[in-house]
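Chemist:
There are 2 protein chains.
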Amino acid sequence: MTESPVARRGRKPAQGEPVVDRALRLLSAFEDRGGALSLAQLSARAGLPKATTLRLARRLTEWGALERTGDGQFVIGLRLLEIAALSPRGHGLRAAALPFMQDLHHATGQHVLLAVRDDTEAVLVERLSAHRAGRVLFRVGGRLPLHATGVGLVLLANAPRDVHEEVLAGELPLPEERRGLSAAELRRTIARVRREGVAVSSLRLPEPMSSVAAPVFDARQTAVAALSVVVPTASLQPATLVPAVVAVARAVSRAVQRSPAAR
Amino acid sequence: MTESPVARRGRKPAQGEPVVDRALRLLSAFEDRGGALSLAQLSARAGLPKATTLRLARRLTEWGALERTGDGQFVIGLRLLEIAALSPRGHGLRAAALPFMQDLHHATGQHVLLAVRDDTEAVLVERLSAHRAGRVLFRVGGRLPLHATGVGLVLLANAPRDVHEEVLAGELPLPEERRGLSAAELRRTIARVRREGVAVSSLRLPEPMSSVAAPVFDARQTAVAALSVVVPTASLQPATLVPAVVAVARAVSRAVQRSPAAR
Chain H
0 MTESPVARRG
10 RKPAQGEPVV
20 DRALRLLSAF
30 EDRGGALSLA
40 QLSARAGLPK
50 ATTLRLARRL
60 TEWGALERTG
70 DGQFVIGLRL
80 LEIAALSPRG
90 HGLRAAALPF
100 MQDLHHATGQ
110 HVLLAVRDDT
120 EAVLVERLSA
130 HRAGRVLFRV
140 GGRLPLHATG
150 VGLVLLANAP
160 RDVHEEVLAG
170 ELPLPEERRG
180 LSAAELRRTI
190 ARVRREGVAV
200 SSLRLPEPMS
210 SVAAPVFDAR
220 QTAVAALSVV
230 VPTASLQPAT
240 LVPAVVAVAR
250 AVSRAVQRSP
260 AAR
Chain D
0 MTESPVARRG
10 RKPAQGEPVV
20 DRALRLLSAF
30 EDRGGALSLA
40 QLSARAGLPK
50 ATTLRLARRL
60 TEWGALERTG
70 DGQFVIGLRL
80 LEIAALSPRG
90 HGLRAAALPF
100 MQDLHHATGQ
110 HVLLAVRDDT
120 EAVLVERLSA
130 HRAGRVLFRV
140 GGRLPLHATG
150 VGLVLLANAP
160 RDVHEEVLAG
170 ELPLPEERRG
180 LSAAELRRTI
190 ARVRREGVAV
200 SSLRLPEPMS
210 SVAAPVFDAR
220 QTAVAALSVV
230 VPTASLQPAT
240 LVPAVVAVAR
250 AVSRAVQRSP
260 AAR
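For the protein sequence lines, the chains are H and D, in the order given. No gaps in the numbering here: position 49 of the first sequence is 48 in numbering that gives the first Met the number 0, and each next residue is one more. No gaps in the numbering here: position 61 of the second sequence is 60 in numbering that gives the first Met the number 0, and each next residue is one more.
(1) How would you list, in chain order, the residues of chain H whose beta-carbon sits under 8 angstroms from the beta-carbon of D/Q220?
(2) So, is the C-beta of H/P98 closer than 8 angstroms to a C-beta in chain D?
(3) For D/T148, which option in D/P174, D/T51, D/A168 and D/G169 has the closest C-alpha, if you only look at C-alpha atoms?
(4) Can you confirm whether the region 189 to 208 of chain H touches the region 62 to 73 of chain H when touching is taken to mean that 3 or more C-beta pairs between the two stretches lie within less than 8 angstroms?
(5) For D/L59, which residues of its own chain have a beta-carbon under 7 angstroms away from its beta-carbon, when the five flanking residues on both sides are left out?
(6) Give, in chain order, every unbroken run of the alpha helix (DSSP H) that is at least 4 residues long and sits entirely within the region 28 to 93 of chain H.
(7) Measuring straight from C-alpha to C-alpha, what distance separates H/A83 and H/R93?
(8) So if DSSP puts D/F216 in a beta bridge, which residue, or which two residues, is it bridged to?
(9) Any beta carbon of chain H sitting closer than 8 angstroms to that of D/P87?
(10) Grab the span of the beta strand (DSSP E) containing H/R203 for me, first residue to last.
(11) Give the DSSP bridge partners of H/M208, in chain order.
(12) May I ask you to report which of helix, strand or coil DSSP gives D/E170?
(13) Apart from the five residues just before and just after H/F263, which ones in its own chain have a Cβ nearer than 7 angstroms to its Cβ?
(14) Consult DSSP for D/L152 and reduce its assignment to one of helix, strand or coil.
(15) Just verifying my parser: in three-state terms, what is the DSSP assignment at D/P4?
(16) Excluding the 5 residues flanking D/L154 on each side, which residues of the same chain have their C-beta closer than 7 angstroms to its C-beta?
(17) Should the region 241 to 253 of chain H be called in touch with the region 206 to 214 of chain H, which here means at least 3 C-beta pairs below 8 angstroms?
(18) Relative to chain D, which residues along the region 101 to 112 of chain H have a C-beta separation below 9 angstroms, given in chain order?
(19) Quick one: is D/R58 near chain H, going by C-beta distance under 8 angstroms?
(20) Using a beta-carbon distance below 8 angstroms, is H/F73 in contact with chain D?
(21) Could you give the distance in angstroms between the alpha-carbon of D/R67 and the alpha-carbon of D/S234?
(22) Starting from H/L185, trace the alpha helix (DSSP H) both ways and give me its first and last residue.
(23) According to DSSP, is D/P237 helix, strand or coil?
(24) Check the Cβ of H/D70 against every Cβ in chain D and list those closer than 9 angstroms, keeping chain order.
(25) Give every residue of the same chain whose Cβ lies closer than 6 angstroms to the Cβ of H/A28, excluding the five residues on either side of it in the sequence, and list them in chain order.
(26) In chain H, what lies closer than 8 angstroms to D/A95 by C-beta?
(27) Please report the distance separating the alpha-carbon of D/R203 from that of D/G179.
(28) Which of helix, strand or coil does DSSP assign to H/D117?
(29) If you drop the 5 nearest sequence neighbours on each side, which residues of the same chain put their C-beta closer than 8 angstroms to that of D/M100?
(30) So what's D/P144 in DSSP terms, helix, strand or just coil?
(31) Could you compute how far the alpha carbon of D/S258 sits from the alpha carbon of D/A95?
(32) What three-state label does DSSP hand H/R138 in the structure shown?
(33) By alpha-carbon positions, which one of D/L103, D/V19 and D/S181 ends up nearest to H/W62?
(34) Output needed for H/G169: all residues of its chain with C-beta closer than 8 angstroms, excluding positions within five of it in sequence on either side, in chain order.
(35) Strictly by DSSP, which residues pair up with D/E125?
(36) With H, G and I counted as helix, E and B as strand and the rest as coil, what does DSSP make of D/R21?
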């Protein structure tokens with residue numbers, strides 16, 4: 000070791016770090032799609048030459064981040080699931096919340112969602128759905144806009160003010176209603192959700208669904224997640240679900256506060 | 000681009016690929032533990048200098064594979080959950096199986112497990128547990144030995160012969176019973192599980208629990224997963240659960256065969 004740390008730090012980025020970024024780009028190539036990708040598809044989606052793609056994909060396969068199917072295509076590997084299961088905001092939170100979500104699911108027979116905020120979006124970390132529950136478009140691991148979903152509104156209303164300002168300054172599309180939400184409307188909604196501790200919202204497509212969402216707080220009273228029940232608007236007055244959702248979100252908060260994994 | 004692909008391929012491994020391995024080693028440092036790691040802990044567990052660790056951890060944090068907590072420690076990030084959710088053998092399978100697992104969970108009020116085989120081990124991809132179900136040691140994303148668990152025995156019995164030989168040639172510890180399983184015993188168990196299509200097994204610790212497990216088959220009749228119910232031995236004759244577990248495993252097989260995601 001004759002180099003100073005500064006010299007090493009100064010030199011490495013030019014050679015080494017782009018390789019990590021390229022490897023991560025291969026993983027990102029599976030986003031929005033899942034399923035299997037051929038080497039050619041993987042190379043095209045990652046924007047990397049085939050030889051580089053194959054070399055990096057082999058490293059990732061050796062480690063278990065990717066797996067090869069019988070016909071030589073690549074899929075996301077099981078080892079990522081094992082590692083992701085250690086994410087405190089993902090499975091850690093989920094482990095604390097799941098028994099209570101199951102109770103809510105028994106009681107309603109519909110969709111029960113658990114989401115966390117990532118910057119200005121919500122990420123769905125769990126969804127329980129009955130066989131014949133109304134159709135919704137959300138999937139676990141998927142991203143939802145904060146301004147247009149029940150869990151998103153709860154996470155937004157309980158986020159720091161700079162997150163409010165960033166979201167309010169951006170586009171607020173409501174594609175299903177073919178219009179945009181105004182910043183003034185969203186400000187009013189944020190204030191109401193903060194005041195009432197619950198968000199009641201509705202979606203018209205793919206079928207009319209209503210959502211009742213409430214926050215989950217950690218020991219520092221930070222809203223670390225939002226829990227919701229989503230029901231077909233025709234089947235149930237959403238207001239009748241408010242007490243159940245609020246009570247279960249409080250029970251999940253207590254479980255989160257006790258759990259060392261879900262910090 | 001004046002170099003030939005061969006020249007590039009010949010040169011890169013010496014510089015570039017170890018960087019990918021080092022980055023993956025940082026992720027592996029969270030295995031067996033979860034929770035938050037300080038820079039010093041991460042560096043020690045990955046066996047990398049602190050400066051390298053910090054540089055790579057920052058890349059991984061930028062991409063979202065890691066996140067930093069308020070006090071500067073690192074945790075596994077949400078983006079890994081998003082990507083892992085695309086694993087066909089993890090969440091793809093889980094999405095197909097979950098409604099049926101919930102039915103079984105309602106019916107029994109105990110633990111319902113879903114596992115897949117990774118080489119000579121089983122990986123738990125889902126666990127539903129009631130608030131007051133008996134205590135079991137398994138966690139989602141964790142690994143289980145094939146020879147000593149219900150789901151493991153089902154996956155082993157339905158694995159190719161070379162997997163049998165590899166497992167039979169290795170150590171077969173039964174730590175809870177303070178003895179080893181003999182290869183002859185395991186051969187008989189494999190034959191019985193194959194013949195009967197179900198594995199009934201028991202564990203003495205942490206408390207006496209029994210497991211009833213059955214295979215999930217894909218469209219090619221490959222056993223892609225195993226489903227089990229784990230109950231306290233004192234509460235229920237495991238044999239009474241066999242019809243329910245077998246029926247639900249068949250229902251999950253049909254769902255998997257219909258689902259494009261769970262190939």
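All C-beta atoms, glycine included, are put in the ideal place defined by N, C-alpha and C. Bear in mind that the values here come from a model prediction, so they are computed numbers and not experimental data.
Modeler: Per the coordinate set shown:
(1) Correct list: empty, because the minimum Cβ distance to chain H is about 14 angstroms.
(2) yes
(3) Cα-wise, what sits closest to D/T148 is D/P174.
(4) no
(5) Exclusion of the five residues before and after D/L59 leaves A22, L25 and L65 as the residues of its chain whose Cβ lies within less than 7 angstroms of its Cβ.
(6) 38 to 45, 49 to 62 and 77 to 83
(7) 12 angstroms
(8) Partner(s): D/A222.
(9) yes
(10) Counting along the chain, H/R203 falls outside any beta strand (DSSP E), and DSSP gives it neither H nor E.
(11) DSSP lists H/L202 and H/P231 as partners of H/M208.
(12) coil
(13) Outside the shown range of chain H (0 to 262) lies residue 263 of chain H, about which nothing can therefore be said.
(14) helix
(15) A caution first: D/P4 carries a pLDDT of 37, below 50, which makes its placement in the model too unreliable to give a value.
(16) Residues A114, R116, A121, L145, A222 and A225 of the same chain have their beta carbon placed closer than 7 angstroms to that of D/L154, with the five preceding and five following residues left out of the count.
(17) The region 241 to 253 of chain H, when compared against the region 206 to 214 of chain H, does touch it at the 8 angstroms Cβ threshold.
(18) Q101, D102, H104 and H105
(19) yes
(20) no
(21) 45 angstroms
(22) A182 to E195
(23) helix
(24) Ordered by position in chain D, no residue passes the 9 angstroms Cβ test against H/D70, which lies about 10 angstroms from the chain.
(25) L41, R44 and A45
(26) By Cβ distance, chain H contributes nothing, its closest Cβ being about 12 angstroms from D/A95, past 8 angstroms.
(27) 15 angstroms
(28) strand
(29) V111, L113, E125, L127, L226, V247 and V251
(30) strand
(31) Looking at the two C-alpha atoms, the distance is approximately 7 angstroms.
(32) coil
(33) If you compare the alpha carbons of D/L103, D/V19 and D/S181 with that of H/W62, the shortest gap goes to D/V19.
(34) Closer than 8 angstroms at the Cβ level, and outside the excluded window around H/G169, lie T119.
(35) D/L113
(36) helix
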